[in-house]
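Here is the structure we will look at.
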Amino acid sequence: MINNVKNISGILPQMMDKKVCCTNKKCATRTEVYVEQRLRLVDKDNMEYKCEYCDFIQKIIK
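Counting in the numbering used here, the sequence shown runs from 16 upward without gaps.
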């Protein structure tokens, strides 16, 4: 499943730490403070990031 995140602009970084949280409601990074939020760029053309913890893919929308 792909989810959308809005209001991100500029050059897409390869990795985002704590800048954008995973939008998967079941991801442990949303509720557990000891689990760090990390999103890795998986598709630059489609602006898709994958959560390093739950593998949920979300699309960044300009």
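Every residue gets a Cβ at the ideal spot worked out from N, C-alpha and C, and that includes glycine.
1. Could you say which of D60, E67, I75, I76 lies nearest to L54 if we only look at CA atoms?
2. Please go through the same chain and pick out, in chain order, the residues whose beta-carbon is closer than 6 Å to the beta-carbon of C69, but skip the five residues on each side of it.
3. Cα separation between L27 and C36?
4. Classify C73: buried if its beta carbon has 16 or more other beta carbons within 10 angstroms, exposed otherwise.
If we stick to the structure as given:
1. One-based indexing of the sequence shown puts residue 54 at position 39. Taking only the C-alpha atoms, the option nearest L54 is E67.
2. Residue mapping note: residue 69 aligns to position 54 of the sequence shown, counting from 1. Excluding sequence neighbours, C69 sits near N39, C42.
3. Numbered from 1 along the sequence shown, position 12 holds the residue referred to as residue 27. Numbered from 1 along the sequence shown, position 21 holds the residue referred to as residue 36. Each residue's Cα considered, the two are about 15 Å apart.
4. Reading the sequence shown from its first residue, position 58 is the one you call residue 73. Contrary to the premise, residue 73 reads as Gln rather than Cys in this sequence. Residue environment analysis places Q73 among the buried positions, since at least 16 neighbouring C-beta atoms fall within 10 angstroms of its C-beta.
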